[in-house]
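J.: Counted from 1, the sequence shown has number 246 at position 228 by the numbering used here; the numbering is strictly sequential.
Note that beta-carbon positions come from the ideal geometry of N, C-alpha and C, so glycine has one too.
This one's a predicted model, so the numbers in the text were calculated from it and none came from an experiment.
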Amino acid sequence: MEDVYWADKIANKILEKNKDVYVIASGITPSGTIHIGNFREEMTVEIVRRALLDKGVKVRYIHSWDDFDRFRKVPANVPKEWEEYIGMPVSKVPDPWGCHKSYGEHFEKEFEEAAKIVGVQPEYVYEHKEYGACKYKDGIKEALNKREKIMEILNRFRKEPLPSDWYPVQIYCTKCGKDFTKIISYDGEYKIRYKCKCGNEEEIDFSKQGVVKLRWRVDWAMRWRYYNVDFEPGGKEHSTLGGSRDTSSIISKEIFNYEPPIYQMYDFVILKGKGGKMSGSKGNVIALKDLNEIYLPELVRYFYAGTRPNTEFAIPMDDEIFKVYEDFYFTERVYFGKEEVDEKKKKHLKRVYEMSMIKMPKELPIEIPFKYLVFLSQIYRDDDKVIKKLKQTGHLKETLNEFDDKRIRMLINMARNWADKYADEKYKFQIHEEKHFELSDNEKQAIKMLIEKIDGLTENMLYEIGKESGLGKEFFKVCYKILLNKERGPRLFELIENIGREKVKEILEKYV
Ligand SMILES: [Zn+2]
Ligand SMILES: [Zn+2]
Numbered sequence: 019m020e021d022v023y024w025a026d027k028i029a030n031k032i033l034e035k036n037k038d039v040y041v042i043a044s045g046i047t048p049s050g051t052i053h054i055g056n057f058r059e060e061m062t063v064e065i066v067r068r069a070l071l072d073k074g075v076k077v078r079y080i081h082s083w084d085d086f087d088r089f090r091k092v093p094a095n096v097p098k099e100w101e102e103y104i105g106m107p108v109s110k111v112p113d114p115w116g117c118h119k120s121y122g123e124h125f126e127k128e129f130e131e132a133a134k135i136v137g138v139q140p141e142y143v144y145e146h147k148e149y150g151a152c153k154y155k156d157g158i159k160e161a162l163n164k165r166e167k168i169m170e171i172l173n174r175f176r177k178e179p180l181p182s183d184w185y186p187v188q189i190y191c192t193k194c195g196k197d198f199t200k201i202i203s204y205d206g207e208y209k210i211r212y213k214c215k216c217g218n219e220e221e222i223d224f225s226k227q228g229v230v231k232l233r234w235r236v237d238w239a240m241r242w243r244y245y246n247v248d249f250e251p252g253g254k255e256h257s258t259l260g261g262s263r264d265t266s267s268i269i270s271k272e273i274f275n276y277e278p279p280i281y282q283m284y285d286f287v288i289l290k291g292k293g294g295k296m297s298g299s300k301g302n303v304i305a306l307k308d309l310n311e312i313y314l315p316e317l318v319r320y321f322y323a324g325t326r327p328n329t330e331f332a333i334p335m336d337d338e339i340f341k342v343y344e345d346f347y348f349t350e351r352v353y354f355g356k357e358e359v360d361e362k363k364k365k366h367l368k369r370v371y372e373m374s375m376i377k378m379p380k381e382l383p384i385e386i387p388f389k390y391l392v393f394l395s396q397i398y399r400d401d402d403k404v405i406k407k408l409k410q411t412g413h414l415k416e417t418l419n420e421f422d423d424k425r426i427r428m429l430i431n432m433a434r435n436w437a438d439k440y441a442d443e444k445y446k447f448q449i450h451e452e453k454h455f456e457l458s459d460n461e462k463q464a465i466k467m468l469i470e471k472i473d474g475l476t477e478n479m480l481y482e483i484g485k486e487s488g489l490g491k492e493f494f495k496v497c498y499k500i501l502l503n504k505e506r507g508p509r510l511f512e513l514i515e516n517i518g519r520e521k522v523k524e525i526l527e528k529y530v
């Protein structure tokens, strides 16, 4: 049957290249917090990797950290004083938080750890090391010698032509470390002479001194050839007509004689409710590690796997999270044949599910409504107690397999994290076991009635107590005030049931 899933289609195109090992690549500049929009770069490649593996071929997945790129501007979450490092490679800028060797490394490591959790583990290439070790010296030399041809290509897309003294490289000054340098002469081999704004003027040998970097569009094309890249996606901002992808492709063909990799544009990931694209400099970003706190790894993958790359999607951090969990559970049940959908949809959802899972479970895993876990995880701060309760309510079997045990523990923590960090007031509460206010006589009477009836309590009785005591709806408010120190909360009967009748009785007795 013909492949219809997006990553399978890309994989088929890649296979037309007919090679022993297929190289697929992604790249990100660690210029600030790497957000869930940037992560689409890696996730697109990761899913294509899985599609290729399913076709039984060998794959090498390289992720480039473009950390030899210059530090351009100070993002909102970094101290303003970092302005003094502008012009240095991000691998040379100090870590504002002091926990890593450099600014670039801080964001790289933070991201690598989060990516590992969702099963993304490419071969990481650190460009400051490659450039620093002069690995690309021949590509640099080639570009310098074809300088005029490169200018002619770039000028095809420019209103203002490049100045005649333009070079396809930038040089980081050996004295001040910044790239405020101007090239004076080039010998056609490896020697280049420059003058820096700081006053330093010298000749360097770039086959021995790793301070020369190709400019972006040339750099991208050179590395496609260097690593034999067969597939690399690019963000929407690179995909415009005459944008960096277009020009890099021409440079790849006409300068480096290399057929550019197969391409896939990917669209933005939207922050729900805010619209538009996330921006590190504006500070309105959600990092992968933030998602990992509230979404199962398979669910994080599901977002990216379930949407074609050229379509934008939103990841909700608000109470729409409940629905996302339900949608994922539905997909899971379809995979395990527990839901009836038409053949076309079934085929699609099964493929999405396969791409979402890091490790395939043998049977349908446990699927506890996230909303219920938000509720339970706040009643019991102890995970084992939540699990015990879920067993009593029949949500969990008495014995759990390894997969389910791991899943439920993650879910409990995620529900709690969500309640703590993102939930609206109406979902948040804490059980107050100690007496924290005085009741009126009337209220005391009502609470006494509740204590008497608590063993055989039904939901209806709560209304009756309200009526009999003359408090009406106020009776519910009094109960919430006692148990949660709030005027409202989850359904009172459910709340009492879940806290446990004995425990509730114990608390109420302190008030009468
Ligand atoms: Zn750090
Ligand atoms: Zn300098």
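For my contact list, Glu255 and Pro279 are in at a C-beta cut-off of 8 angstroms; report their separation, rounded to the angstrom.
T.: Position 237 of the sequence shown holds residue 255. Position 261 of the sequence shown holds residue 279. The pair is not a contact, with the Cβ atoms about 18 angstroms apart (cut-off 8 angstroms).
J.: With a threshold of 7 angstroms (Cβ to nearest heavy atom), would Asp113 be considered close to ligand 1?
T.: Counting from 1 along the sequence shown, the entry for residue 113 is found at position 95. Answer for Asp113: yes, Cβ within range of ligand 1.
J.: Would the beta-carbon of His124 be found less than 7 angstroms away from any heavy atom of ligand 3?
T.: Among the ligands in the structure shown, ligand 3 does not appear; only ligand 1 and ligand 2 can be found there.
J.: Which word fits Pro315, buried or exposed, when buried means at least 16 other C-beta atoms lie within 10 angstroms of its C-beta?
T.: For the purposes of this step, residue 315 is taken as the residue at position 297 of the sequence shown. By the 10 Å Cβ count, Pro315 comes out buried.
J.: Take every Cβ of the stretch 225-238, pair it with every Cβ of the stretch 266-274, and state whether three or more of those distances are shorter than 8 angstroms.
T.: Touching, yes.
J.: Which word fits Arg474, buried or exposed, when buried means at least 16 other C-beta atoms lie within 10 angstroms of its C-beta?
T.: Locating residue 474 in the sequence shown gives position 456, counting from the first residue. The displayed chain sequence assigns Gly, not Arg, to residue 474. Looking at its Cβ environment, which holds fewer than 16 other Cβ atoms inside 10 Å, Gly474 is exposed.
J.: To the nearest angstrom, report how far apart Ile430 and Glu34 are at their CA atoms.
T.: As a working note, residue 430 is residue 412 in the sequence shown. As a working note, residue 34 is residue 16 in the sequence shown. Rounded to the nearest angstrom, the two C-alpha atoms are 46 angstroms apart.
J.: Could you check where the beta strand (DSSP E) with Val187 kicks off and where it finishes?
T.: Indexing the sequence shown from 1 puts residue 187 at position 169. Val187 -> beta strand (DSSP E) spans Val187 to Ile189.
J.: Closer than 6 angstroms is what we want: which residues have a beta carbon that near any heavy atom of ligand 2? List them in chain order.
T.: Listed along the chain, these residues meet the criterion: Cys191, Lys193, Cys194, Lys196, Cys214, Cys216 and Asn218.
J.: Using DSSP with H/G/I as helix, E/B as strand and the rest coil, what is Met378?
T.: The count along the sequence shown starts at 1 and reaches residue 378 at position 360. Reduced to three states, the DSSP call for Met378 is coil.
J.: So, do the stretch 116-132 and the stretch 204-222 have three or more beta carbon pairs nearer to each other than 8 angstroms?
T.: No, they do not touch.
J.: Quickly, what does DSSP pair Glu220 with across the bridge? List them, please.
T.: As a position in the sequence shown, residue 220 is number 202, starting the count at 1. Tyr212, per the DSSP bridge assignment.
J.: In three-state terms, what does DSSP make of Val359?
T.: Taking the sequence shown and counting its residues from 1, the one referred to as residue 359 is at position 341. Coil.
J.: Could you pull out every residue in the same chain whose Cβ sits closer than 7 angstroms to the Cβ of Arg369, ignoring the five residues on either side in sequence?
T.: As a position in the sequence shown, residue 369 is number 351, starting the count at 1. Within the same chain, Arg369 has close Cβ partners Tyr23.
J.: Would the beta-carbon of Gly137 fall within 8 angstroms of that of Arg319?
T.: Sequence index remark: in the sequence shown, residue 137 carries index 119 (1-based). Sequence index remark: in the sequence shown, residue 319 carries index 301 (1-based). Yes, the Cβ-Cβ distance between Gly137 and Arg319 is below 8 angstroms.
J.: For the beta strand (DSSP E) containing Leu232, name the first residue and the last one.
T.: Taking the first residue of the sequence shown as 1, we reach residue 232 at position 214. Leu232 -> beta strand (DSSP E) spans Val230 to Leu232.
J.: Under 7 angstroms: does the beta carbon of Cys117 sit that close to some heavy atom of ligand 1?
T.: Translated into positions along the sequence shown, residue 117 becomes position 99. Flag set: Cβ of Cys117 near ligand 1.
J.: Cys191 to Asp87, Cα distance in whole Å?
T.: Translated into positions along the sequence shown, residue 191 becomes position 173. Translated into positions along the sequence shown, residue 87 becomes position 69. So the two alpha carbons sit approximately 14 angstroms from each other.
J.: In whole angstroms, give me the CA-to-CA distance for Lys37 and Asp26.
T.: Taking the sequence shown and counting its residues from 1, the one referred to as residue 37 is at position 19. Taking the sequence shown and counting its residues from 1, the one referred to as residue 26 is at position 8. Going by the C-alpha atoms only, they are around 17 angstroms apart.
J.: Roughly how many whole angstroms lie between the Cα atoms of Phe286 and Glu505?
T.: In the sequence shown, the residue the question calls residue 286 occupies position 268. In the sequence shown, the residue the question calls residue 505 occupies position 487. One C-alpha to the other measures close to 41 angstroms.
J.: Nearest to Lys528 by alpha carbon, out of Ile514, Arg509 and Leu501?
T.: Here residue 528 refers to the residue found at position 510 when the sequence shown is read from its first residue. When each option's Cα is compared against that of Lys528, the closest is Leu501.
J.: Under three-state DSSP, which class holds Glu141?
T.: Locating residue 141 in the sequence shown gives position 123, where the first residue counts as 1. Three-state result, Glu141: strand.
J.: If you reduce the DSSP assignment to three classes, tell me which class Gly252 lands in.
T.: For the purposes of this step, residue 252 is identified with residue 234 of the sequence shown, where counting begins at 1. Strand at Gly252.
J.: Starting from Leu468, follow its DSSP beta bridges and name the residues at the other end.
T.: To locate residue 468, count along the sequence shown from 1; it is residue 450. According to DSSP, which records beta bridges pairwise, Leu468 is partnered with nothing at all.
J.: May I have the straight-line CA-CA distance separating Ala29 from Phe129, to the nearest angstrom?
T.: As a working note, residue 29 is residue 11 in the sequence shown. As a working note, residue 129 is residue 111 in the sequence shown. Their Cα atoms are separated by approximately 26 angstroms.
J.: Report yes or no: do three or more beta-carbon pairs, one from the stretch 434-449 and one from the stretch 382-395, lie closer than 8 angstroms?
T.: Yes: the two stretches touch, three or more of their Cβ pairs being nearer than 8 angstroms.
J.: Pull up the distance between the alpha-carbon of Tyr498 and that of Val404, whole angstroms please.
T.: To locate residue 498, count along the sequence shown from 1; it is residue 480. To locate residue 404, count along the sequence shown from 1; it is residue 386. Rounded to whole angstroms, Tyr498 to Val404 spans 21 angstroms at the Cα level.
J.: Using 8 angstroms as the cut-off, can you tell me whether the stretch 477-495 makes contact with the stretch 438-446, which would need three or more C-beta pairs spanning the two stretches below that distance?
T.: The stretch 477-495 vs the stretch 438-446: no contact.
J.: Three or more C-beta pairs closer than 8 angstroms, one from the stretch 40-57 and one from the stretch 73-80: is that the case here?
T.: Yes, the stretch 40-57 is in contact with the stretch 73-80.
J.: Considering just the uninterrupted stretch of the beta strand (DSSP E) at Val11, what are its terminal residues?
T.: This structure cannot settle anything about residue 11, because the visible part of the chain is limited to 19 through 530.
J.: Please classify Val537: does DSSP put it in a helix, a strand, or coil?
T.: Residue 537 is absent from the model: the chain starts at 19 and stops at 530.
J.: Taking its Cβ as the centre, do 16 or more other Cβ atoms sit within 10 Å of Ile376, making it buried, or is it exposed?
T.: Sequence index remark: in the sequence shown, residue 376 carries index 358 (1-based). With fewer than 16 Cβ atoms within 10 Å of its Cβ, Ile376 is classed as exposed.
J.: In whole angstroms, give me the CA-to-CA distance for Gly105 and Ser82.
T.: Position 87 of the sequence shown, counting from 1, holds the residue named residue 105. Position 64 of the sequence shown, counting from 1, holds the residue named residue 82. For Gly105 and Ser82, the distance between alpha carbons rounds to 20 angstroms.
J.: If I measure Cβ to Cβ from Leu408 and keep anything under 8 angstroms in the same chain, skipping five residues before and after, which residues do I get?
T.: The residue labelled residue 408 in the question sits at position 390 within the sequence shown. If we look at Leu408 and ignore the five residues flanking it on each side, its Cβ neighbours are Ile386, Leu394, Leu414 and Ile426.
J.: Where Arg211 and Phe198 are concerned, what is the direct C-alpha to C-alpha distance, given to the nearest angstrom?
T.: Residue mapping note: residue 211 aligns to position 193 of the sequence shown, counting from 1. Residue mapping note: residue 198 aligns to position 180 of the sequence shown, counting from 1. Roughly 14 angstroms separates the two Cα atoms.
J.: Give the DSSP-derived three-state secondary structure of Ile384 in the structure shown.
T.: The sequence position of residue 384 within the sequence shown is 366, counting from 1. Here Ile384 sits in coil by DSSP.
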